[in-house]
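Everything below concerns the one structure shown next.
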Amino acid sequence: MNQLFDVRAVIGGMFVVYGVIVTLLGLFDGSAEMDKAQGVRINLWMGLAMLALGLFMLLWLRLNPPKPVEPPAEETSDRQA
266 MNQLFDVRAV IGGMFVVYGV IVTLLGLFDG SAEMDKAQGV RINLWMGLAM LALGLFMLLW
326 LRLNPPKPVE PPAEETSDRQ A
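Here this note's numbering is used: the first residue of the sequence shown is 266, the next is one more, and so on.
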């Protein structure tokens, strides 16, 4: 449960999803979009960068998982009532 809410998982997942969407948009750009960006397929390059960042975050999470939360140690009393 601790790993599910790690910020790397959330950010990585969002960047992968948006990276795929923007990359697909960049692959199918029309001439109007190319003219706006002065001949550069900016959606393709930004989509690939977002995809790479998202995969890096997920890989980082996989290689260095968060430490499990341990319950607080209970104090043992030497006194008996």
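Even for Gly, the Cβ is constructed at its ideal location relative to N, Cα and C.
Since the model is a prediction, treat every value here as computed from it, not as a measurement.
Within the same chain, 280 come within 6 Å of residue 318 by CB-CB distance, once the 5 residues on both sides are set aside. Here DSSP, grouped into helix, strand and coil, assigns residue 300 to helix. Within the segment 316 to 343, no run of beta strand (DSSP E) at least 3 residues long lies entirely inside it.
With a contact defined as Cβ atoms closer than 8 Å, residue 291 and residue 312 qualify at about 5 Å.
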